[in-house]
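The numbering of the sequence shown is our numbering, which starts it at 150 and goes up by one.
Every residue, glycine too, gets a C-beta built ideally from N, C-alpha and C.
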Amino acid sequence: MPQFNPNLPWNDLPELPPATDLESRAILKACISAMTELSKANALVKTLPNEEVLINTLPLQEARRSSEIENIVTTNDDLYRAIASDRNQVDSNTKEVLHYREALWEGVRSIREGSTLDIQLFEQICSRIFDEKMKVRSGPVVIENRATQQLIYRPPTGYGNLIRLLTNLERFINDKTDEFEPLVKMAVMHYQFEAIHPFRDGNGRTGRILNILYLVYQGLLDVPILYLSRFLIQNRDAYYRYLREVTENGSWHQWILYILEAVEQTSRDTAGKIEAINRLINNFMIKASGRAKAVEREGFVDLLFKWPYCKISIVERELACSRITATRYLNEIVALGLLERVKIGREYYYINRDLMELLSE
150 MPQFNPNLPW NDLPELPPAT DLESRAILKA CISAMTELSK ANALVKTLPN
200 EEVLINTLPL QEARRSSEIE NIVTTNDDLY RAIASDRNQV DSNTKEVLHY
250 REALWEGVRS IREGSTLDIQ LFEQICSRIF DEKMKVRSGP VVIENRATQQ
300 LIYRPPTGYG NLIRLLTNLE RFINDKTDEF EPLVKMAVMH YQFEAIHPFR
350 DGNGRTGRIL NILYLVYQGL LDVPILYLSR FLIQNRDAYY RYLREVTENG
400 SWHQWILYIL EAVEQTSRDT AGKIEAINRL INNFMIKASG RAKAVEREGF
450 VDLLFKWPYC KISIVERELA CSRITATRYL NEIVALGLLE RVKIGREYYY
500 INRDLMELLS E
């Protein structure tokens with residue numbers, strides 16, 4: 150393995166696959182556990198009355214947490230109010246998180262339409278995050294400790310060199326003939342993308358989206374419900390330590406085990422969230438059935454869980470009903486204490502507080 154020098158660009162970053170055995174007994178055991186929990190979480194999506202309930206819930210939590218890693222902080226209330234409102238009234242941090250969400254879903258649509266994980270998709274995702282055209286960089290970048298400004302890492306330089314490394318990564322990701330376990334491959338893929346650092350900015354967020362897209366690409370996730378970024382925030386020091394051990398020593402073992410633990414724990418947490426959402430929907434129906442005509446309208450209850458901050462105009466649009474009917478439906482539920490009606494600025498929002506509390510846990 151080439152000798153790493155932190156003061157020089159890592160132009161000798163080894164190509165993939167790594168020249169070492171990545172599937173020790175411990176890794177394979179951890180991989181089985183992670184795959185089991187991931188499969189359980191994915192299967193639970195089918196137990197929801199409507200999968201669209203998840204569109205604005207768990208994927209948006211991943212967007213919020215992943216952005217938080219980059220010190221882009223917003224609240225759940227700001228986020229859910231923003232997706233129900235005019236985007237022009239949204240603060241910059243909330244806008245960035247919403248761009249992340251859009252990038253995630255755009256990537257999922259591309260994968261479902263037959264795209265592979267390639268350089269074009271990498272650029273597409275990063276461009277959507279920034280809401281501007283992002284291409285593979287031609288100039289150098291450095292990675293520093295935000296607090297101390299200490300130099301940590303100099304990624305590879307030279308446009309041709311970056312394209313060579315990205316083409317190799319693209320080939321590795323999409324190779325269907327190798328014998329790597331998919332989750333092991335995801336761990337290797339994530340390290341390599343971070344090490345290449347192909348964009349002038351947004352590499353971390355793009356790389357974390359690619360993790361989820363890879364699981365969709367492999368058929369391990371039907372909906373992008375896994376929010377790995379929560380685990381990464383809670384175990385941030387280990388994340389950077391194990392990344393550095395791969396760079397400096399070629400020590401893949403702990404890094405792969407770390408990612409497998411992230412998948413296992415996050416899958417378990419996600420399964421718990423889906424079960425809790427199911428319970429909320431069931432309890433809602435028990436309390437409202439026979440007491441509110443609104444719940445008899447197909448799709449109405451689903452949209453109250455799809456839009457935790459709901460507006461009359463959303464009900465009008467999604468149910469193709471009149472404003473008078475939409476208002477009556479929402480007010481029936483407010484009267485039962487199942488929604489909270491709040492005026493913010495000139496608009497009224499109908500807030501599903503039980504769901505908001507669950508998403509904030």
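Close Cβ partners of residue i (< 7 Å) along its chain, the five nearest in sequence each way excluded
i: ILE301; result: ILE292, GLU293 and ASN294
i: ALA94; result: As shown, the chain starts at 150 and ends at 510. That puts residue 94 outside it, with no answer to give.
i: GLY256; result: LEU270, ILE274, ILE358 and LEU362
i: GLN414; result: PHE380
i: ASN199; result: ASP451
i: ARG440; result: LEU485
i: TYR117; result: The chain is shown from 150 up to 510; residue 117 falls before or after that span and cannot be answered.
i: PRO305; result: PRO158, TRP159, ASN160, LEU162, LEU311, LEU314 and ILE345
Integer-rounded CB distance, given that residue j should sit under 8 Å from residue i
i: ALA336; j: TRP404; result: 6 Å
i: SER416; j: LYS189; result: 7 Å
i: ALA437; j: ILE482; result: 7 Å
i: LEU266; j: LEU362; result: 6 Å
i: THR196; j: ASN427; result: 6 Å
i: LYS455; j: GLU201; result: 5 Å
Counted within 10 angstroms of its Cβ, other Cβ atoms place residue i as buried (16 or more) or exposed
i: PRO289; result: exposed
i: SER276; result: buried
i: GLN152; result: exposed
i: ASP503; result: buried
i: THR223; result: buried
i: ARG258; result: exposed
i: TYR308; result: exposed
i: ILE519; result: Here the chain has residues from 150 to 510 only, and residue 519 is not among them.
i: ILE278; result: buried
i: MET283; result: buried
i: SER378; result: buried
i: ALA192; result: exposed
i: THR297; result: exposed
i: GLU172; result: exposed
i: ILE500; result: buried
i: ALA233; result: buried
i: ALA411; result: buried
i: GLY494; result: exposed
i: GLU186; result: buried
i: ILE473; result: exposed
i: ASN352; result: buried
Which listed residue (the options) has its alpha carbon closest to that of residue i
i: ARG313; options: ASP327, VAL285 and VAL202; result: VAL285
i: PHE329; options: LEU228, ARG495 and LEU177; result: LEU177
i: GLN299; options: ASN156, ASN480, VAL395 and ILE461; result: ASN156
i: VAL372; options: LEU209, GLU413, ALA179 and PRO158; result: LEU209
i: CYS459; options: ARG440, ARG446 and GLU489; result: GLU489
i: GLU211; options: ASN501, LYS442, ARG354 and ILE423; result: ARG354
i: ALA231; options: LEU468, PRO457 and ALA420; result: PRO457
i: TYR376; options: ASN154, THR169 and THR206; result: THR206
i: LYS334; options: SER400, ILE408, GLY263 and ASP350; result: ILE408
i: ILE322; options: SER264, PRO305, GLY351 and VAL491; result: SER264
i: ASN431; options: ASP418, LEU453 and TYR478; result: LEU453
Start and end residues, alpha helix (DSSP H) containing residue i
i: GLU211; result: 207–218
i: ASP386; result: 385–398
i: MET338; result: 331–345
i: ALA475; result: 472–484
i: MET184; result: 174–193
i: LYS455; result: 449–455
i: ILE221; result: No alpha helix (DSSP H) contains ILE221, which DSSP labels as neither H nor E.
i: ILE312; result: 308–323
i: LEU359; result: 352–366
i: PHE279; result: 268–279
i: GLY263; result: Per DSSP, GLY263 belongs to no alpha helix (DSSP H) and is neither H nor E.
Contacting residues, own chain, Cβ-Cβ under 6 Å from residue i (five flanking each side not counted)
i: PRO331; result: GLN367
Cβ neighbours of residue i in the same chain (closer than 8 Å, five flanking residues each side left out)
i: LEU318; result: LEU165, MET338, GLN341, PHE342 and ILE345
i: MET127; result: This structure gives no information on residue 127, because the portion of the chain shown stretches from 150 to 510.
i: ILE382; result: ARG214, GLU217 and ILE218
i: ASN310; result: ASN160
i: VAL194; result: GLU200, LEU203, ASP371, VAL372, ILE374 and ILE423
i: ALA183; result: LEU332, LEU409, GLU410, VAL412, GLU413 and SER416
Opening and closing residue of the beta strand (DSSP E) in which residue i lies
i: LEU300; result: 300–302
i: VAL491; result: 489–493
i: TYR498; result: 496–500
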